[in-house]
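Peer 1: Numbering (full-length UniProt numbering), first residue to last: 1 to 467.
Beta carbons are placed, not taken as given, at the ideal position from N, Cα and C, and that holds for glycine.
The structure displayed is predicted, hence computed values, not measured ones.
This is the structure I have questions about; it appears just below.
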């Protein structure tokens, strides 16, 4: 799927998102989200007061005492309290009949309205089957109560789907509230103890009604018991406002997406340009290294990978000093010979310049010039591997702290003369003896290394300028 297709898919999903927002259950302007009913109860949708028929689905009379009243299928119930998403209701007539243990209790029936708008549920309740006394027989899985003269009752705690077809065809079924948590017993005299006058009433509102109500309409049913959403004047105004909000929000989102696509394409173009330039530079460096190694043949210095450098220095464990271009570490080659490894950093030159300088250093061969053993070049990771000078730099001999007499190492004038002479010969070789003239611009005691035998004569070269 191309980018344009994804763009239109996003717009469609965005439109569906706004449609779902319109479907949230938020009452329109003149309907309160909650209202006081009676002395203490706070009710909300789907209940409504008689003077606000557009604001709910179930009318509640808040002026009755001692509790508000609702009516379900012709039976009036008291609203005792609200419990989260339920309300606790009570049938006061049934309450008196149960206290008297009257058989007229079973003339009551907890019947709930059937509507495409709202579905009611009650819990807990008991299914009872009211049968003529002529059918006074036992049914497996059911308990019976025959304390009433004109009928026998059968009951259990199973759902309607598990009830036998015989009971359904010969008897009438009723539902009555049951005491919460009551455990059924086989003694017939306990039936009245199982029943209660109060029950928790719950409800589920259909999605179509939720959408109708949130857009300012009123949920109704027609003569065929089909759902009907009648739009009020307030609903039309709110629907128009929502339409404008959706249009403006969609335009804003489309604009943001367009800007995002332009920025994405621009950044992608820059990224690919830098990416190609990086690989072209890397390929050019590789060709330069291969040409350098080929031209110098067996005289070319050894090329090491960065992992080889880390291995020979034991992960840069033993630092000898610090120069202008990086740190110097002691290391060992595979044959055990010690070397000094200078890891370069902060170089601004290209890879071609580095290879040219390595090529110039590798062609030097003089007794007063430190030999280049090898080099490392992996992108920005670069290092020079020199032969190791055990006595270190001249700096340690002439700038030693004089307060610690045990550590002072002094050089007599004869040795200093030999060192100066070695430096001069090394520079003379670089200026006149090399095939390519090399200029050293960093002569200082730190770059004068002393060997183990004569304690003089070595001049180190880091990065040179050839002329």
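1. Going straight from the alpha carbon of residue 139 to that of residue 198, what length do you get?
2. Whole angstroms is fine: what's the gap from residue 150's alpha carbon to residue 81's?
3. For the alpha helix (DSSP H) containing residue 71, list its first residue and its last residue.
4. Check residue 374 in the structure and name its three-state DSSP category.
5. Does the structure place the segment 33–46 close enough to the segment 74–88 that three or more beta carbon pairs sit under 8 Å?
6. Given that a residue counts as buried once 16 or more other Cβ atoms are within 10 Å of its Cβ, and exposed if not, what is residue 224?
7. Take residue 345 and list the residues in its own chain whose beta-carbon comes closer than 6 Å to its own, dropping the five residues that flank it on each side.
8. Once you ignore the five residues that flank residue 109 on each side, which residues in its own chain have a CB closer than 7 Å to its CB?
9. Between the Cα of residue 333 and those of 440, 374 and 96, spot the shortest distance and give me the residue it belongs to.
10. Would you call residue 302 buried or exposed, if buried means 16 or more other Cβ atoms sit within 10 Å of its Cβ?
11. Quick check on DSSP: helix, strand or coil for residue 300?
12. For residue 270, does the three-state DSSP call read helix, strand or coil?
13. So does the segment 113–125 actually touch the segment 202–210, counting three or more Cβ pairs closer than 8 Å?
14. Do residue 383 and residue 309 have their CB atoms nearer than 9 Å?
15. Could you check where the alpha helix (DSSP H) with residue 424 kicks off and where it finishes?
16. Are residue 78 and residue 67 touching if we call contact CB-CB under 9 Å?
17. Under 8 Å Cβ to Cβ from residue 388, same chain only, skipping five residues before and after it: list those, please.
18. Going by Cα to Cα distance, which pick from 103, 72, 356 and 91 is closest to residue 120?
19. So residue 218 packs on residue 63, CB below 8 Å; how close in whole Å?
20. According to DSSP, which residues form a beta bridge with residue 321?
21. Would you call the CB atoms of residue 450 and residue 397 closer than 9 Å?
22. What are the start and end residues of each continuous beta strand (DSSP E) run of 3 or more residues lying completely inside the segment 35–77, in chain order?
23. Pick helix, strand or coil for residue 28, following the three-state DSSP scheme.
24. With distances taken between CB atoms, is the gap from residue 395 to residue 444 smaller than 9 Å?
25. To which residues of the same chain is residue 31 closer than 6 Å at the C-beta, ignoring the five residues directly before and after it?
26. Should residue 418 be listed as close to the ligand SAM, given that the test is whether its C-beta is under 8 Å from any heavy atom?
27. Quick check on the burial criterion: 16 or more other C-beta atoms within 10 angstroms. Buried or exposed for residue 87?
28. So, is residue 230 buried or exposed, given that buried needs 16 or more other C-beta atoms within 10 angstroms?
29. To the nearest angstrom, how far is it from the Cα of residue 352 to the Cα of residue 392?
30. Restricting to Cα atoms, I'd like to know which of 315, 270, 107 and 125 is closest to residue 131.
31. Decide if residue 123 is buried, meaning its Cβ has at least 16 other Cβ atoms within 10 Å, or exposed.
32. With C-beta atoms as the reference, is residue 306 less than 9 Å away from residue 385?
33. Let me know the secondary structure DSSP gives residue 137 once reduced to three states.
34. Which first and last residues belong to the alpha helix (DSSP H) in which residue 120 is found?
35. For residue 153, does the count of other Cβ atoms within 10 angstroms reach 16, so buried, or fall short, so exposed?
Peer 2: A quick look at the data gives this:
1. 29 Å
2. 37 Å
3. Premise fails: residue 71 lies in the beta strand (DSSP E), 69–72, not in any alpha helix (DSSP H).
4. strand
5. yes
6. exposed
7. 326
8. 174 and 175
9. 374
10. exposed
11. coil
12. helix
13. yes
14. yes
15. 413–428
16. yes
17. 330, 337, 338, 339 and 340
18. 72
19. That belief does not hold up - the Cβ atoms of residue 218 and residue 63 are roughly 23 Å apart, past 8 Å.
20. 328
21. yes
22. 41–44, 58–61 and 69–72
23. Annotation note: pLDDT 44 at residue 28 (below 50); position unreliable, no value reported.
24. yes
25. 55
26. Questions concerning the ligand SAM fall outside what the structure shown contains, since it holds no ligand whatsoever.
27. buried
28. exposed
29. 31 Å
30. 107
31. exposed
32. no
33. coil
34. Looking at the DSSP string, residue 120 is not in any alpha helix (DSSP H); the run it does join, the beta strand (DSSP E), is 118–123.
35. buried
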